[in-house]
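A.B. asks: Attaching a single structure in C-alpha cells format; questions to follow.
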C-alpha cells in the first residue's frame, strides 16, 4: 500500500483517526484519508454512519479547492476502494448507499478509482453519441462542476417525472405513446357548423372481419364522445362480425393513415383531425381496431448503471445525515457596501499589429441595461508581440450590495484611437399620481419594441401595484422600469412578483427573452406556462428552445418544464429533440443542448430506439445526395442521368429496410412505407432530393410530402445545402396567423406545410399533394413569353380538375379565401422574392406560397432598384378567378377585400405577439433576422402607432397599390420564366 502512495501529492495529511472508531457511538465523527485520482491526498471529517454517496459529495466539494481538480471527471465516473479488514484485499465499493460503519475501511483510508462500466452502459453511450450528434466523452471531460451537477440532477428529475407518470392504465399508455390532437374549445366554430349534414357529422368507419373490410357511414351529433361512438358502432355492426355482448373495452377507433386513436372524454368534433376534414369538405375516415393490436412499447430492463442512478436518486431525496450536520458559512452580498472593483492585469496572444496603443473598456450590464452611468477605460499601453500589461484598478460606481444576480461584466479590447465617450443617463424625478391612470393605460398598449422614456418608467414604477392588480400583462414593461443597480427596488420587484397574477401565454413568452435574465422572472414565466395545452406548447416550442440560450445556468425552471412536458407527451418530446438536434453543431449551445438531449433520451429508452432509426435514415439520405451530386453535375442535360443513378441507389435493399415502418421526423403520426424507386429524383431548387414512398398497407400511415414540381402524393423531400430555419420561422408564423384568424371565426384555408431542419444545412420539407406551381400552370396553357399575361390560364387549369359547376365554384371559393390569407401574411411578414415558381395552387383551388428565403422586406435589387414594387402579389389572373371572370367591382371581389381587411386587423390587434416571437429568434443566426432593427419592418407593416381607423385606411391604400401595380409583377414573372426553365420532368 505504501509504495502506491509515493506518486501522490500530500495535502493536509494530519489525521485524527482512532483504530476502534467503528465501535463507538453513532454520533461520533471520523476523519478519513482520501486518495484522489489526480494524485492528491486529503482528509475529510464525516459522521461514522454517513453513506458513501454523501462522503463522495463532501470529497468533491473539498476537491474543488485543492490543486489539479480540473483533471477529474464527473464524480459518477469513480468509486471508492478500500482494504477489506477480513480478507486484506482491495474492495470496490460500487453500492454507494452503504454506510461507513458497515464497511469499516482499514485505517480509515479510501481511494477513488475509475468505475469499470458495464457493457450495457457502454452500448447506451454509443447509441447516445450517434443520436445526439456528440460524444458522451465530451460531457465526461468537461471540467465545469456545473455540467456534472446538471447531469446528475437531471437524471434524478427525469426519474421522478417517470415515477409520477407510472404505473399507468392501458389507456394512459396509449395516450402517452400516441397523443391526440385536441382543439382548445369544445364548441364547433360557426364556419364549420355550416358544413354539418343536417346538424350531424358524417363519418366513414371501416370494420375488419375475416380478412375482409367493410366501410359504413354513420351520422352522429358532433357532441358525441369516442366511447359513445364506439358503443354505437359495436351495437350496429358488432353482430355482423360475430361480436356478442359489451365488447367496447376490447376495441377502439383509429384514424385512418395516422398513428392516432380517438381516446378521451372530448366531443368528437373537438379532435383536430375531425375539424380538418370538415374544413376540407372531406368525410373523416376511422377504423375499428382491436385493443390487442395497438402496439405499445415495453420498457426494457434497467442496466446496472441506470439501477445505480435510480438508487442514488432515491437516496438523494432522503434527508442527508452529512448535510444535516454540516454547517455552512457564507457572506451575504447585501452586507458588502463597497464599490465593485476589478484589476485589469494583462492580455496575451492578441493578434494585432505591434506598437499599437490598446486599452480595455469595461461595463456592467443587466441584459442590455447599463448598471453604471458610464463605461470605464484603462490607460493606453503599447502592444508588444501580442502582450500588454496594465495593472489598472477600476472601481465601478455601484456597490457590491446593489449588483443584481445576473449582472454581467463586459470587456472590450480596442485600439486607443477608437475610444468613444459615453454620456450618463439623465435622472428624472417621479411625477406619477393616480390621475395618470389613463397615461399608464396608453403606455401599456404600446408594442414590445417601444422604448420607454424616463418619466414613463417613473410613472409605471410608482403605479406598480395598480399594474399588478389591474394590468397583469404590463409586467414586461414594468420590469424595464426597475433600477437593477438598486437592491431595494430589485427586492421590491421580487416581492411583488410573488403576488403577480398569471399572464396570457403570448405575453409570458416576452419574459423569456434575453432582456429578462433574472431567474425569478423566468421562473414566474414558466409557472404561467404550466397550464398551456400540448398543441399550443408545440406551436411556441421553436421560441422556447431559443429561450434556453438566454438561461445563465444549465439547471433552470425552463429546462425542467420542457423535459417534463416532453416525458409526458411523445410528440412534444419528438419535436423538442429535433429542434435541439438541428443546432447541435453550434459550439455555443452544443454542450447545453447535448446535456438536455442526453437527459431526455436516457429517460425514454423506447423513444430513443425510434429516434436512432430516424437519425440513421437521414444520415443515409445525406450520403446518397452527396454521392449523387458528385456523380453528375445538376444541369438540365444531366438530370435524367442523375435520376437513374438515384434510382439505382435507392433500389438497394439497405435503403428499403431503413425506411419501411420508419416514423416520419416531420410528423411522428405518419410512418413510411416502401421506397418508390421510380419517383426518386433531384430537384433544382435548393438541391432537394425527392424520394417517393409507398404506404405500408391500406390502413397504415403514409407520408404526403412534396417539393416544388410534379410528384406523387407519397413523396419525401430531403434538402441538403440550405438553411431551413428561416423557412421554419416563417411557416410557424403563418400557422399562428391561421390559428388567430380561426379563433376569430375566419378560416382562410391556409396551408402551413411542415418544414424542419435536422442538422447543419440539411432538413426535410413537407409538401402538399395535388399541387403545381403558377409557372407550370401558365406554361401549360400558353407560350412562356406570353403566358403570364393570359388571365384565364389558372382558371382554365382549375376547370380541368373541377369539371362540374359545383366543384368549380367551391375551388374558386378556396382560391379566394387562401389568396386573401397569403396576401395579408406575406405583406405583414415582408416575404420577398415572389415569383411564379414559389406560388402554388392545389387542384381544389387552394393557393399557397413556398420557399421563404427573403423576409422582413429584404427585397432583391438590380442596378439599385427593387425588383418587387408591390406590397403583395395580386395579379390579374388571380383577380380573374376571384371575380369569376367579372370586373373588380363585383360582389365577389368586395368580399375578397373584406377578407383581407378583416385578416389584417386581427393580426394588428395581436401585433405584440408577432413581434415577440420574432424577437425571441434573434439568437438563431437567421441571415435576415440578426438585430432589433429588422423587427422595425413588422412595426411598419402593422402600423401599431396608428388608431384602428387610420390602420384600416393605411391597409386599403396598400391594397389599391397592389392592384394598380399588378402589371409590374406580371413583367417580373415573364422575365423569370424566360430566364429559367421551370418545367419539371416526370
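Residue numbers (UniProt numbering): 1 to 986.
Glycine included, every Cβ here is placed at the ideal spot set by N, Cα and C.
1. Rounded to whole angstroms, how far is the Cβ of residue 747 from the Cβ of residue 279, which I believe are closer than 8 Å?
2. Rounded to whole angstroms, what is the Cα-Cα separation between residue 932 and residue 919?
3. What separation, rounded to the nearest whole angstrom, lies between the Cα atoms of residue 959 and residue 871?
4. Would you call the CB atoms of residue 72 and residue 37 closer than 8 Å?
5. When DSSP labels each residue in this structure, what does residue 50 get in the three-state scheme?
6. What three-state label does DSSP hand residue 399 in the structure shown?
7. Provide the residue span of the alpha helix (DSSP H) that contains residue 519, from first to last.
8. Closest to residue 152 by CA distance: which of 564, 596 and 392 is it?
9. Within the same chain, show all residues whose beta-carbon is closer than 6 Å to that of residue 824, passing over the 5 residues directly before and after it, in chain order.
10. In three-state terms, what does DSSP make of residue 879?
11. Cβ of residue 380 within 8 Å of Cβ of residue 416?
12. Rounded to whole angstroms, what's the CA-CA distance from residue 647 to residue 628? Just pull it up for me.
13. Taking the beta strand (DSSP E) that residue 290 falls in, what are its first and last residues?
14. Can you grab the Cα-Cα spacing for the pair residue 910 / residue 939, in whole Å?
15. Helix, strand or coil, according to DSSP, for residue 989 in the structure here?
16. For the 8 Å Cβ check, are there 3 or more pairs between the segment 732 to 742 and the segment 756 to 767?
17. For residue 705, is the classification buried or exposed, using 16 other Cβ atoms within 10 angstroms of its Cβ as the cut-off for buried?
18. Keeping to the same chain, check which residues put their C-beta closer than 7 Å to that of residue 277; ignore five residues upstream and five downstream.
19. Are the beta-carbon atoms belonging to residue 749 and residue 798 less than 8 Å from one another?
20. Exposed or buried, residue 423, counting other C-beta atoms within 10 Å across all chains shown (16 or more means buried)?
21. Span of the alpha helix (DSSP H) holding residue 953?
22. Bridge partners for residue 756 per DSSP, in chain order?
23. Please list the terminal residues of the continuous beta strand (DSSP E) segment that includes residue 840.
24. Mind reading off the beta-carbon distance from residue 270 to residue 182? Whole number of angstroms is fine, and I expect it under 8 Å.
25. Indicate whether the contact test is met: 3 or more Cβ pairs, each with one atom in the segment 507 to 516 and one in the segment 541 to 554, closer than 8 Å.
26. In this structure, does DSSP put residue 316 in helix, strand or coil?
27. Taking Cβ positions only, does residue 213 come closer than 8 Å to chain C?
28. Who are the Cβ neighbours of residue 371 in its own chain at under 7 Å, not counting the five residues just before and after it?
29. Is any heavy atom in the ligand ADP found nearer than 7 Å to the beta carbon of residue 559?
30. Can we say the segment 593 to 608 touches the segment 125 to 132, given the rule of at least three CB pairs closer than 8 Å?
31. Report the rounded CA-to-CA distance for residue 290 versus residue 219, giving the unit in angstroms.
32. Taking 6 Å as the limit between beta carbons, can you name the residues of its chain near residue 728, skipping five residues before and five after?
33. Starting from residue 282 and walking both ways along the beta strand (DSSP E), at which residues does that stretch end?
34. Using 10 angstroms around the beta-carbon of residue 191, count the other beta-carbons present and answer buried if the total reaches 16, otherwise exposed.
C.D. replies: Short version:
1. With 8 Å as the limit, residue 747 and residue 279 qualify as a contact, their Cβ atoms being about 6 Å apart.
2. Looking at the two C-alpha atoms, the distance is approximately 7 Å.
3. Their backbone Cα atoms lie some 8 Å apart in a straight line.
4. Contact: yes.
5. Coil at residue 50, not helix or strand.
6. In this structure, residue 399 counts as strand in the three-state DSSP scheme.
7. Unbroken alpha helix (DSSP H) run through residue 519: 519 to 528.
8. The shortest C-alpha separation from residue 152 is found at 596.
9. Taking C-beta separations shorter than 6 Å and ignoring five residues to either side along the sequence, the partners of residue 824 in its chain run 900, 903 and 904, following chain order.
10. Looking at residue 879 - three-state DSSP - the assignment turns out to be helix.
11. It is a contact, given that the beta carbons lie within the stated cut-off.
12. Residue 647 and residue 628 have their C-alpha atoms spaced approximately 10 Å apart.
13. The continuous beta strand (DSSP E) containing residue 290 extends over residues 285 to 290.
14. Distance between the alpha carbons of residue 910 and residue 939: 12 Å.
15. The chain is shown from 1 up to 986; residue 989 falls before or after that span and cannot be answered.
16. Contact between the segment 732 to 742 and the segment 756 to 767 is absent, with fewer than three C-beta pairs closer than 8 Å.
17. Residue confidence for residue 705 is low, a pLDDT of 29 falling below 50, so the modelled location carries little weight; the figure read from the coordinates is stated next. Around the C-beta of residue 705, 16 or more other C-beta atoms lie within 10 Å, and the residue is accordingly described as buried.
18. So the qualifying residues of the chain are 283 and 284.
19. No; because the gap between Cβ atoms is not below 8 Å, this pair is not in contact.
20. Bear in mind that a pLDDT of 38 at residue 423, under 50, signals an unreliable position, so the model cannot answer this.
21. Per DSSP, residue 953 belongs to the alpha helix (DSSP H) from 948 to 964.
22. Paired residues: 764.
23. Unbroken beta strand (DSSP E) run through residue 840: 839 to 842.
24. Rounded, the Cβ-Cβ distance is 6 Å, consistent with contact.
25. Counting Cβ pairs under 8 Å, three or more are found: they touch.
26. Because the pLDDT of residue 316 is 48, which lies under 50, any placement of that residue in the model is unreliable, and the question is left without a value.
27. Although the question refers to chain C, the structure presented lacks it and comprises just one protein chain.
28. Taken in chain order, the residues that qualify are 364, 365, 398, 407, 484 and 485.
29. As far as ligands go, the structure on display features none, and thus does not contain the ligand ADP.
30. In short, these stretches touch, since the Cβ pair count reaches three.
31. Linking residue 290 to residue 219 through their CA atoms gives a straight-line distance of about 23 Å.
32. Beyond the five residues adjoining it in sequence on each side, residue 728 comes within less than 6 Å, by CB distance, of 755 in the same chain, given in chain order.
33. According to the DSSP assignment, residue 282 belongs to no beta strand (DSSP E), since it is labelled neither H nor E.
34. Its Cβ having fewer than 16 others within 10 Å, residue 191 is exposed.
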